[in-house]
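Trainee:
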Amino acid sequence: MAEITLPQLGETVTEGTITRWFKKVGDTIAADEPLFEVSTDKVDTEVPSPIAGTLTEIRVAEGETVAVGTVIAVVGGAGASPAPAPAPVEAPAPVAAPAPAPAPAPAPAPTPVATPAPTPVATPAPAQVAQSNKLLSPVVRRLVNDHGINIDALQGTGPGGRITREDVLDYIDRNGLAAQPAATVVAPAPAPAPVVTPAPAPVAAPAPAPTPAPAAAPRPTSTLGDREQVIPLSKIRRLTGSHMVMSLETSPHSFTVVEVDYANVDKTRSAVKESWKTSEGFSLTYLPFISRAVVDALAEFPHLNASIEGDNLIVHSYVDLGIAVDLDYAGLLVPVVRSADAKRLRAIAREIHDLASRARGRKLSPDEITGGTFTLSNNGSAGALIAMPIINQPQVAILSTDAIVRKPVVVAMPDGSESIAIHPMGHLSMSWDHRAFDGAYAGRFLSRVKQILETQDWSAEL
């Protein structure tokens, strides 16, 4: 028997949610065959079995969130039987309480002095989850307790109707709930001073209990009709949205655009188009050329290859180039080409193709989508003329490669005259953090990228 644990899926990943089991108990599995799919705050990915054998036990159901290193399954040799359930532990017999000692005779009671009744102590109502027999994971139970949610109000979408963390988060989002503060205990009012005269002293009125804070105004009732469709935001949409809002609140975004003539790039692409497709198995697009030009220009304008920490600009001596990949409208991932400054055009093209393919197949590890120093967003593949991307924090700039279209341009002739010709033209649009540098620096960087694309002999790298 071998225990399968939730692996470490990235340096900062501490837990994961099992979203799907590809095998059921009793199925055989080969080494490196996908066993389950896990969702983290970084990425959703398939995890292969480290050994071959028979899946004899699944300890973590779909929808449950567990810490890294938790045993989630057991795999035995071929034909092994499922692991037996542990024998129940016999509860110890109750111990009889000792008989109480006889109470002493009561002393005569003194004449009572009237005292105010103490203010009652505010006692919080017991959490609904404590009264429920529903099976909850520790993470789900903590969320329910923290937000004071009535378990019976939740609809579970997990196996057998089990309530998952996503069910609770969706309920919190829909109802605008916030975590409840700890209950405050109201101290009783102090007793009055003792009576020192035969005449009865006036009895002090008890201190009034504090007025409770007014209840929050109810959220407006939805007026959705039959023609509206309610689509809960997916996890990747919520994470993307949170990161984008944070970026806009962090960086003063500025925007600079240049137009590039891709005739020089097209000449090289056309010359190697067929041989490249035969030898590499995929098409040579404009993106590797743009990536290579950006890497060269960053060496001359290093303040764009940087991040901000507090009051410091951290300039990186290497280029880890992020490439934004659309997941067929289901979300966005940014895998990273490591040490792109040390790679030539062919190597960059191969790595971009590999990362994009594995991103769409949900086969990236969290470490492959973290730690970039500069990002490219290929909006041109969707036909966008000009895009204004949001900076991928903590970086200071992001470049959109926009649609390339053929249109008339003025070109210089060998004799010094000018003529009109049809060339492939496209925009490079960059959002940048005005804390890091100014517009002149951004403009000169883009002008340098444009110059490299329009004049470099690309055939030398192929």
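Each residue of the sequence shown is one higher than the one before, counting from 974 in the working numbering. Beta carbons are placed, not taken as given, at the ideal position from N, Cα and C, and that holds for glycine. This structure is a prediction, so every number in the text was calculated from the model and none was measured.
Can you tell me whether T1374 is buried or exposed, with buried defined as 16 or more other CB within 10 angstroms of its CB?
Mentor: The residue is buried, with at least 16 neighbouring Cβ atoms inside 10 Å.
Trainee: What does the Cβ neighbour count give for A975, buried or exposed, with the cut at 16 atoms within 10 Å?
Mentor: Exposed, by the Cβ-count rule.
Trainee: Is F1410 near the ligand SAH, going by C-beta to nearest heavy atom under 7 Å?
Mentor: With respect to the ligand SAH, the structure offers nothing, as it holds no ligand at all.
Trainee: Using the Cα positions of T978 and D1017, report the straight-line distance between them to the nearest angstrom.
Mentor: Near 17 Å, if we compare the C-alpha coordinates of D1017 and T978.
Trainee: Quick check: what's the CA-CA separation for N1237 versus M1403?
Mentor: Their backbone Cα atoms lie some 22 Å apart in a straight line.
Trainee: At the level of alpha carbons, what is the spacing between R1331 and E1324?
Mentor: Cα-Cα distance, rounded: 11 Å.
Trainee: If you draw a straight line from the alpha carbon of Y1259 to that of R1333, how long is it in whole angstroms?
Mentor: Computed Cα separation, rounded: 20 Å.
Trainee: Inspect the beta-carbon positions of N1365 and G1345 and report whether they are closer than 8 Å.
Mentor: Yes, Cβ-Cβ distance for N1365 and G1345 is below 8 Å.
Trainee: Mind listing, in chain order, the continuous beta strand (DSSP E) runs of no fewer than 3 residues lying wholly within the region 1228 to 1311?
Mentor: DSSP runs (the beta strand (DSSP E)) wholly in the region 1228 to 1311: 1279 to 1282, 1285 to 1288, 1294 to 1299.
Trainee: Going by the CB atoms, is the gap between P1261 and I1321 shorter than 8 Å?
Mentor: Yes; because the gap between Cβ atoms is below 8 Å, this pair is in contact.
Trainee: Expressed to the nearest angstrom, what Euclidean distance is found between the alpha-carbon atoms of A1297 and P1308?
Mentor: Rounded to whole angstroms, A1297 to P1308 spans 7 Å at the Cα level.
Trainee: Comparing C-alpha positions only, which one of L1372, N1352, A1279, S1338 sits nearest to R1408?
Mentor: Minimum Cα distance to R1408 is reached at A1279.
Trainee: Does the Cβ-Cβ distance between L1197 and I1263 come in under 8 Å?
Mentor: No, these two residues do not count as a Cβ contact at 8 Å.
Trainee: Within the same chain, show all residues whose beta-carbon is closer than 6 Å to that of G1050, passing over the 5 residues directly before and after it, in chain order.
Mentor: G1026, listed in sequence order.
Trainee: What residues in its chain sit with their C-beta under 8 Å from that of L1337, if we drop five residues either side in the sequence?
Mentor: Within the same chain, L1337 has close Cβ partners V1016, T1018, L1306, P1308, L1328, R1331.
Trainee: Using CA atoms only, rank isn't needed, just tell me which of G989, R993, D1014, P1023 is closest to D1005.
Mentor: Checked all of G989, R993, D1014, P1023; the closest Cα to D1005 is P1023.
Trainee: On the DSSP letters alone, give me the boundaries of the beta strand (DSSP E) that E976 sits inside.
Mentor: Element bounds for E976: 975 to 978.
Trainee: Grouping DSSP H, G and I as helix and E and B as strand, with all else coil, what is F1418?
Mentor: Helix.
Trainee: Assuming G1129 and D1119 form a contact by the criterion Cβ under 8 Å, report the distance between their Cβ atoms to the nearest whole angstrom.
Mentor: That pair is no contact at about 19 Å.
Trainee: How big is the Cα-Cα spacing for I1393 and K1423?
Mentor: Distance between the alpha carbons of I1393 and K1423: 20 Å.
Trainee: Using only the alpha-carbon positions, how far apart do R1211 and G1121 sit?
Mentor: Rounded to whole angstroms, R1211 to G1121 spans 23 Å at the Cα level.
Trainee: Do Y1144 and G1399 have their beta-carbon atoms positioned less than 8 Å apart in this structure?
Mentor: For G1399 and Y1144, no; Cβs fall outside 8 Å.
Trainee: Roughly how far, in whole angstroms, is the beta-carbon of V1011 from the beta-carbon of G989, given that I think they are within contact range, below 8 Å?
Mentor: About 4 Å separates the two Cβ atoms, so the contact holds.
Trainee: Below 8 Å on the Cβ atoms is my contact criterion, and I expect E1247 with L1318 to pass it. Report the Cβ-Cβ distance as a whole number of Å.
Mentor: With 8 Å as the limit, E1247 and L1318 do not qualify as a contact, their Cβ atoms being about 17 Å apart.
Trainee: According to the neighbour-count rule (16 or more other Cβ atoms, all chains shown, within 10 Å of its Cβ), is V1378 buried or exposed?
Mentor: Classification of V1378: exposed, given that the 10 Å Cβ count is below 16.
Trainee: Among I1031, F1410, N1123, which has the Cα closest to the Cα of N1285?
Mentor: With distances taken between Cα atoms, N1285 lies closest to F1410.
Trainee: Our contact map puts I1425 next to A1266 with C-beta atoms below 8 Å; I'd like the distance itself, whole angstroms only.
Mentor: Confirmed, about 4 Å.
Trainee: What does a CB cutoff of less than 6 Å around P1225 pick up in its chain, not counting 5 residues either side in sequence?
Mentor: Excluding residues within five positions, the ones whose Cβ falls inside 6 Å are H1407.
Trainee: Quick one: Cα of G1254 to Cα of A1376, how far?
Mentor: Looking at the two C-alpha atoms, the distance is approximately 24 Å.
Trainee: Do you know offhand how far E1369's Cα is from S1215's?
Mentor: According to the sequence provided, residue 1369 is Val. The question's Glu does not apply to it. Roughly 18 Å between the two C-alpha positions.
Trainee: Would you mind reading off the limits of the alpha helix (DSSP H) that contains L1143?
Mentor: Per the sequence shown, the amino acid found at residue 1143 is Asp instead of Leu. Element bounds for D1143: 1138 to 1148.
Trainee: I'd like to know whether the C-beta atoms of E1391 and V1383 end up nearer to each other than 8 Å.
Mentor: Taking 8 Å as the Cβ cut-off, E1391 and V1383 qualify as a contacting pair.
Trainee: Would you report the Cα separation of D1146 and K1240, rounded to the nearest angstrom?
Mentor: Answer to the nearest angstrom: the Cα atoms are 53 Å apart.
Trainee: Helix, strand or coil: which one does DSSP assign to D1017?
Mentor: Residue state, collapsed to three classes: strand.
Trainee: Taking only the alpha-carbon atoms, compute the straight-line gap between V998 and E1030 and give it to the nearest angstrom.
Mentor: So the two alpha carbons sit approximately 6 Å from each other.
Trainee: In the DSSP output, what is K1380 paired with across the bridge?
Mentor: DSSP, once it has assigned bridges, lists H1396 as partnering K1380.
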